[in-house]
Amino acid sequence: MTQPKMPHIVLLGTGGTIASTASGSTAVTDYEVTEGVESLLKAVPEIAKLAKVSGEQLFNVESYAITNKMLLKMAKRVNTLLADPNVDGIVITHGTDTLEESAYFLNLTVKSHKPVVVVGAMRPGSAISADGPLNLYHAVLLASHPEASGQGVLVVLNDRIHAARFVSKANTTQVDAFRSYDQGCVGYINDQRVHWFQTATRLHTMQTDFDVSGAKALPHVDIIYDHQSAGLHLYEASVAAGAQGIVLAASGNGSLSPQAQKGARLAAQHKVMFVRSSRVGSGLVSASASDARRHLISADSLNPQKARILLMLALGITTDRKTIQSYFDRY
Ligand SMILES: NC(=O)C[C@H](N)C(=O)O
Numbered sequence: 001m002t003q004p005k006m007p008h009i010v011l012l013g014t015g016g017t018i019a020s021t022a023s024g025s026t027a028v029t030d031y032e033v034t035e036g037v038e039s040l041l042k043a044v045p046e047i048a049k050l051a052k053v054s055g056e057q058l059f060n061v062e063s064y065a066i067t068n069k070m071l072l073k074m075a076k077r078v079n080t081l082l083a084d085p086n087v088d089g090i091v092i093t094h095g096t097d098t099l100e101e102s103a104y105f106l107n108l109t110v111k112s113h114k115p116v117v118v119v120g121a122m123r124p125g126s127a128i129s130a131d132g133p134l135n136l137y138h139a140v141l142l143a144s145h146p147e148a149s150g151q152g153v154l155v156v157l158n159d160r161i162h163a164a165r166f167v168s169k170a171n172t173t174q175v176d177a178f179r180s181y182d183q184g185c186v187g188y189i190n191d192q193r194v195h196w197f198q199t200a201t202r203l204h205t206m207q208t209d210f211d212v213s214g215a216k217a218l219p220h221v222d223i224i225y226d227h228q229s230a231g232l233h234l235y236e237a238s239v240a241a242g243a244q245g246i247v248l249a250a251s252g253n254g255s256l257s258p259q260a261q262k263g264a265r266l267a268a269q270h271k272v273m274f275v276r277s278s279r280v281g282s283g284l285v286s287a288s289a290s291d292a293r294r295h296l297i298s299a300d301s302l303n304p305q306k307a308r309i310l311l312m313l314a315l316g317i318t319t320d321r322k323t324i325q326s327y328f329d330r331y
């Protein structure tokens with residue numbers, strides 16, 4: 001009997017703690033990116049039993065240094081690789097600080113049903129109980145799994161599978177840092193078995209309006225954090241700097257302080273799109289009857305950093321408020 005063909009997975013390295021080492025085995029927060037994809041793979045020989053994996057280094061940085069230009073490069077490379085019939089899935093190693101932003105960007109711009117799994121780690125590879133090796137093993141297992149197709153971009157850390165739309169980093173240092181508050185995680189991985197609980201409910205990948213294949217840059221969108229006694233100067237600076245969009249990390253259910261209300265009026269005068277997200281960290285910013293009159297968009301349950309990703313992509317297509325609101329309602 002012939003053996004079933006091993007899946008071909010491409011591992012794209014971008015850096016982060018998963019590719020970092022510290023000065024000693026007990027140091028877990030002070031470290032530097034030192035390792036490339038080949039050394040990550042070498043550290044987990046068990047992966048060779050799951051798939052044929054080829055590594056490619058896209059860049060090697062901490063994720064807080066990732067730029068729009070890098071996001072475009074990542075999405076274009078993933079789309080090119082997945083168009084190759086010999087590639088069955090992609091795993092991307094990534095720093096955890098902005099992992100949710102890249103994963104959501106890919107969730108909206110990858111044009112394939114094939115699995116794309118983003119993985120990181122909270123402890124450097126040099127640490128006792130480093131979490132990177134098992135996370136990487138799980139990521140390759142998931143990217144090789146037939147049921148991971150058509151699920152949108154998935155994120156794996158600490159045995160949990162998350163949908164890119166819902167996941168966010170919810171703890172600064174602990175291994176169990178990633179949570180999907182509004183929908184819950186989509187599954188677990190235990191002992192080489194993938195356990196599915198649910199599928200992501202929002203539109204993604206092939207179902208979105210976004211195509212970045214010809215994009216050279218993304219629109220400038222700022223995030224402003226609202227608070228008691230806020231000023232107007234950040235809105236003025238953002239508009240003066242040529243922002244095409246502003247996302248407000250508003251209080252509560254997207255409430256605007258008096259100065260944020262002035263900032264929103266200033267934005268409207270300069271045709272800068274203004275999105276109300278929330279700084280709370282979970283829950284919905286419900287659409288308000290006054291949004292249209294005030295030229296505001298409500299972010300649904302997207303946190304500010306993800307609302308920025310969607311607004312950049314939306315502004316690449318249209319400046320029509322109603323159409324952009326419909327993206328926030330569906331994606
Ligand atoms: N845990 C991590 O990956 C944090 C890291 N400093 C980053 O690149 O985001």
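All letters in the sequence shown, in the order written, are residues 1 to 331 by UniProt numbering. We treat Cβ as the ideally placed atom computed from N, Cα and C, and that holds for glycine. Remember, it's a predicted structure, so these values are computed and weren't measured experimentally.
Arg123 has its alpha-carbon roughly 10 angstroms from the corresponding atom of Asp30.
Closest in C-alpha terms to His204, from the list Gln269, Gly89, Ala19, Tyr327, comes Tyr327. For the 8 angstroms CB-CB criterion, Ile90 and His138 do not form a contact. Between ligand 1 and the CB of Glu62, the shortest heavy atom gap is smaller than 7 angstroms. Counted as a single uninterrupted DSSP element, the stretch harbouring Arg265 is not any beta strand (DSSP E) but the alpha helix (DSSP H) occupying residues 258–269. Counting of Cβ neighbours within 10 angstroms places Gln269 among the exposed residues, the total staying below 16. With respect to the C-alpha of Gly316, the residue from Asp209, Ala260, Thr67 having the closest C-alpha is Asp209.
For Glu32, the closest C-alpha among the options Leu58, Pro45, Tyr64 is that of Tyr64.
Runs of the alpha helix (DSSP H) lying entirely within the region 65–124 and spanning at least 4 residues, in chain order: 68–82, 99–109. Where Thr14 is concerned, the enclosing beta strand (DSSP E) starts and stops at 8–15. Met74 is not a Cβ neighbour of Leu218, given a cutoff of 8 angstroms. Contact between Val119 and Val156 is confirmed by a C-beta separation of about 5 angstroms, below the 8 angstroms threshold.
DSSP places Phe328 in the helix class (H, G or I) of the three-state scheme. When DSSP assignments are scanned along the region 148–196, no uninterrupted stretch of alpha helix (DSSP H) that is 4 or more residues long falls wholly within it. Proximity to Leu141 across Val53, Arg279, Lys306 peaks at Val53, based on C-alpha coordinates. The beta carbon of Thr109 sits closer than 6 angstroms to those of Ala75, Phe210, Val212, all from its chain and outside the five residues before and after it, given in chain order. Collapsing the DSSP output to three states places Gly245 in a strand. Beta-carbon to beta-carbon, Val280 and Gly252 are separated by about 7 angstroms, close enough to satisfy the 8 angstroms threshold. In terms of side-chain proximity, the C-beta atom of Asp97 is found nearer than 7 angstroms to a non-hydrogen atom of ligand 1. At least one heavy atom of ligand 1 falls within 7 angstroms of the beta-carbon of Thr17. Shortest gap from the CB of Met122 to any heavy atom of ligand 1: under 7 angstroms. Taking the CA atoms as reference points, Gly214 sits about 29 angstroms from Asp300.
The C-alpha of Gly15 is placed about 21 angstroms away from the C-alpha of Thr26.
Taking a contact as a CB-CB distance under 8 angstroms, the pair Asn171 and Ala164 does not count as one, their CB atoms being some 18 angstroms apart. If you ignore the 5 residues before and after Arg330, its C-beta comes within less than 8 angstroms of the C-beta of Arg202, Leu203, all in its own chain and listed in chain order.
A residue is called buried once 16 or more other Cβ atoms fall within 10 Å of its Cβ, and Lys114 is buried on that count. Contact between the region 3–11 and the region 45–52 is present: 3 or more CB-CB pairs across the two stretches fall below 8 angstroms.
Of the candidates Lys216, Gln244, Leu41, Lys216 places its Cα closest to the Cα of Asn68.
If you keep only unbroken beta strand (DSSP E) runs of at least 3 residues inside the region 195–225, you get 221–225. Cβ-Cβ distances below 6 angstroms link Leu134 to nothing in the same chain once the five nearest sequence neighbours on each side are left out.
Here Phe274 is buried, its C-beta having at least 16 other C-beta atoms within 10 Å. Leu82 and Met70 have their C-alpha atoms spaced approximately 18 angstroms apart.
Taking the Cα of Gln261 as reference, the smallest distance to any Cα among Arg293, Gln244, Ala241 is reached at Arg293.
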